[in-house]
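Enquirer: In my numbering, the protein residues as written are 285 to 621. C-beta atoms are modelled at their ideal positions from N, C-alpha and C, and glycine is treated no differently. Have a look at this one.
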Amino acid sequence: MLKETVLSGIRSTGFLHLGNYFGAIRNYVRMQEEYNCYFFVANWHSLTTHPDTSELRTSVHRVMAENIACGLDPEKVALYVQSDLPEIAELYLYLNTMAYKGELEKTPTFKDKVRQNPENVNAALLTYPVLMAADILIHRAVKVPVGKDQEQHLEIARNYVQRFNHRYGNVFPEPHAFNYGSKLVKILSLDGNGKMSKSENQMNTLYLADEDDQVIKKIMKAKTDSGPSTPNEEKPDYIENLFTLLREVSAPDVVKKYEDDFNNSSAGNCIIRYGDLKKQLAEDMVQFITPIREKVNAILGDENYLKSVMKIGAEKAKVSAEATITAVREAMNLNYH
Ligand code: TYM
């Protein structure tokens, strides 16, 4: 049976964190066993917010190494850098003709970026979802493992598929966001203010590169409160976030103990001890992050290996990208000789 095609990417804008891992990479690692997989470093996308390219090369190498250290096998998947595939830029141009300014201006991620950086509202930032659609459609991927924050971008990509197929004939299948669990994941920042992110709020973000003492310090400072006021209360999102992390890295009996402690607590009878929970979480998180961090450092020390991975990845990806561009040009009557 023909395997379904999977694609996903990560911007090279800083160190990867637990949101990237639990929202995306963990799924990649599982999917590589079952699907025809393409994973890439979105270095063009990073230019929309990070125009200074002096650190870009280091950052691309790091994201590559982090992907591999987390378990991606460059022999099983095509692991490449976006700018090594110029076919994406060509498809981006075509898709731009069916991308409407009003729609793009309404995209929540665009509005956030404008708020954060009002002096650099460039056209590539506005058309960020168009480039993302091109990344996906260049391999005609149907499953896109991403975190919750990318959901709207997938919806936009499906709009372009419908418009393209309607205008020029059936070239693209519709891509959908994917997670092995039932819901897409959103890991919050440890202070509960928004999602964990590569370049903001670094003291409340757990990076795969963090040293043990940083992991412990950050977790011990994570936001908690004085405890639930009634038994079986719904958890506030910052507490739920700690439980989400605990479920990922701690033993099931540990999780159960703290779940029970939470559910049996009420005002005047607080059984749950957040200090103990955080201490346990910190200990288990150190066990989780340390081997990844060490592997990343080993891979980064072998530049020749990284270069060969990127070269082979680009060659693999090019085969599928060229086939798609040929089909697109034919459908659009752009083939003249
Ligand atoms: P980026 O680089 O911001 O993040 C990479 C992946 O990590 C997920 N993620 C999270 N998941 C859960 N909780 C969080 N706090 C969290 N933070 C990040 C993201 O959802 C993403 O899956 N636009 C994309 C990169 C991209 C792309 C693509 C993805 C470019 N082209 C094509 C898929 C397909 C982005 O900025 O991801």
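Quick check on this structure: which residue in I422, E518 and D368 has the alpha carbon closest to the alpha carbon of E458?
Expert: For the residues I422, E518 and D368, the minimum Cα distance to E458 belongs to I422.
Enquirer: Between which two residues does the beta strand (DSSP E) carrying K427 extend?
Expert: Unbroken beta strand (DSSP E) run through K427: K427 to P429.
Enquirer: According to DSSP, which residues form a beta bridge with N320?
Expert: Paired residues: T289.
Enquirer: At what residue ranges does the region 372-448 contain a whole run of the alpha helix (DSSP H), taking only runs of 4 or more?
Expert: 385-390, 392-400, 407-410 and 412-421, all fully within the region 372-448.
Enquirer: Which ranges would you report for the beta strand (DSSP E) in the region 343-371 if only whole runs of at least 3 residues count?
Expert: Those beta strand (DSSP E) runs which fall completely within the region 343-371 and span 3+ residues are 362-365.
Enquirer: According to DSSP, is I294 part of a helix, a strand, or is it coil?
Expert: DSSP places I294 in strand when its eight states are reduced to three.
Enquirer: Output needed for L375: all residues of its chain with C-beta closer than 8 Å, excluding positions within five of it in sequence on either side, in chain order.
Expert: Result list for L375: A418, L421, I422, T608, I609 and V612, in chain order.
Enquirer: Quick one: Cα of G293 to Cα of E435, how far?
Expert: Between G293 and E435, the C-alpha separation is close to 14 Å.
Enquirer: Ignore the nearest five residues each way along the sequence and tell me which others in F299's own chain have a CB closer than 6 Å to its CB.
Expert: Closer than 6 Å at the Cβ level, and outside the excluded window around F299, lie Y491 and A493.
Enquirer: Alpha carbons only, please: which of K507, E439 and I372 is nearest the one belonging to K390?
Expert: With distances taken between Cα atoms, K390 lies closest to E439.
Enquirer: Using a Cβ-based criterion (distance less than 6 Å to any ligand heavy atom), does G465 qualify as near the ligand TYM?
Expert: No.
Enquirer: Which whole-angstrom value is the C-beta distance of G431 and A615, which I expect to be below 8 Å?
Expert: Incorrect: roughly 32 Å between the Cβ atoms, too far for contact.
Enquirer: Should M315 be listed as close to the ligand TYM, given that the test is whether its C-beta is under 6 Å from any heavy atom?
Expert: No - the ligand TYM has no heavy atom lying nearer than 6 Å to the Cβ of M315.
Enquirer: The ligand TYM heavy atoms versus the CB of Q434: any closer than 6 Å?
Expert: Yes, the Cβ of Q434 comes within 6 Å of a heavy atom of the ligand TYM.
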